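**Q**
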Ligand code: IPE
Ligand code: IPE
Ligand code: MG
């Protein structure tokens, strides 16, 4: 089994994003309620965050709750929000110990008050950290993100702050929730589903995609390392030919 020591330090992805999927099926497999899966999912989050910091990654972005997830049964949504609050409270020290800066993307204002408050508190209490940036995508939807960027740019055009001719990719980037983050290099999705589910549509334009069959609560160090090793063995051509790269 591969461990962190097996990684080629010279070719690490700068930004990994993960669609943490499969908590419900993991629980069902053991005859338990979905909530039990989410509780165990939190353990995998902690482990993965610590491992990514140890590897020396600069950016890790985790899809924790989508705009579509609000449609789930209220009891499940409530539990997820409670788990968010308790994890933030519990992990503040670990984040600081590992020099990790917390960030959030999504329609954060739509979170329950308690979650909103705790999130902002941990963001502010880790803001001086200079190691890895950990971004939680909460009440996040890529289409909503793009829609709100288009809206903000339109208002600026209307008020003559920018002219339509100057709109380029950089201007669009600066109006996305992710304006402080680089493009995603490696996107991992657990649970065997091969879809994006409205995650970072703009930012994954040239990401390497990696799908793995394990459910999120079972995702551990060697799965993470194997995903990165797989990434390190790919040739990223960005439209060029192989010959041009070599
Ligand atoms: C991912 O696991 C966690 C969230 C979406 C919040 P799921 O809850 O989607 O688990 P499955 O996909 O139903 O197994
Ligand atoms: C995507 O998982 C969202 C998160 C992991 C937070 P879902 O389980 O909600 O995605 P679908 O519904 O299967 O596409
Ligand atoms: Mg799912």
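Numbering (the working numbering), first residue to last: 5 to 250.
Virtual Cβ for every residue (Gly too), placed ideally from N, Cα, C.
These figures come from a predicted structure and were not determined experimentally.
Could you check where the alpha helix (DSSP H) with residue 192 kicks off and where it finishes?
**A** Counting along the chain, residue 192 falls outside any alpha helix (DSSP H), though it belongs to the beta strand (DSSP E) covering 190-193.
**Q** What is the residue span of the beta strand (DSSP E) that residue 138 lies within?
**A** First-last of the beta strand (DSSP E) with residue 138: 137-144.
**Q** Assign residue 23 to one of three DSSP states: helix, strand, or coil.
**A** In this structure, residue 23 counts as strand in the three-state DSSP scheme.
**Q** Go to residue 105, then tell me how far its beta strand (DSSP E) extends in each direction, as first and last residue.
**A** Segment 105-109, the beta strand (DSSP E) holding residue 105.
**Q** Can you check whether the C-beta of residue 178 is within less than 9 Å of a C-beta belonging to chain C?
**A** No chain C is present in this structure, which holds just one protein chain.
**Q** Considering only heavy atoms of ligand 1 and the C-beta of each residue, which residues fall inside 5 Å, strictly closer?
**A** Taking each Cβ in turn, the ones that pass are 25, 26, 27, 28 and 29.
**Q** Mapping the DSSP letters down to three states, classify residue 181 as helix, strand or coil.
**A** Residue state, collapsed to three classes: coil.
**Q** Going by beta carbon distance, what residues of the same chain come within less than 6 Å of residue 156, once the five residues before and after it are set aside?
**A** So the qualifying residues of the chain are 179.
**Q** Given a cut-off of 9 Å on the beta-carbon distance, is the pair residue 137 and residue 105 in contact?
**A** In this structure, residue 105 lies closer than 9 Å to residue 137 by Cβ.
**Q** Any chance the CB of residue 197 is under 8 Å from a heavy atom of ligand 3?
**A** It does: the Cβ of residue 197 is within 8 Å (strictly closer) of some heavy atom of ligand 3.
**Q** Spell out a yes or no on whether the stretch 119-130 and the stretch 77-91 are touching, meaning 3 or more CB-CB pairs, one atom from each, closer than 8 Å.
**A** As far as the Cβ criterion goes, the stretch 119-130 touches the stretch 77-91, which means the pair count is three or higher.
**Q** Kindly indicate which three-state DSSP category residue 212 falls into: helix, strand or coil?
**A** Here residue 212 sits in strand by DSSP.
**Q** Would you kindly work out how many angstroms separate the C-alpha atoms of residue 144 and residue 237, rounded to a whole number?
**A** Going by the C-alpha atoms only, they are around 31 Å apart.
**Q** Just verifying my parser: in three-state terms, what is the DSSP assignment at residue 70?
**A** Note: residue 70 maps to strand in three-state DSSP.
**Q** Which of the three DSSP states is assigned to residue 64 in this structure?
**A** Residue state, collapsed to three classes: strand.
**Q** Quick one: which unbroken beta strand (DSSP E) runs of 3-plus residues sit fully inside the stretch 6-60? Chain order, please.
**A** Complete beta strand (DSSP E) runs here, min 3: 19-23.
**Q** At a cut-off of 8 Å, would you count residue 31 as near ligand 2, judging by its Cβ distance to the nearest heavy atom?
**A** Not under cutoff, so the answer is no.
**Q** Compute every distance between the C-beta of residue 68 and the non-hydrogen atoms of ligand 5, then say whether any falls below 8 Å.
**A** Ligand 5 is absent from the structure shown, which contains only ligand 1, ligand 2 and ligand 3.
**Q** Going straight from the alpha carbon of residue 52 to that of residue 246, what length do you get?
**A** Near 33 Å, if we compare the C-alpha coordinates of residue 246 and residue 52.
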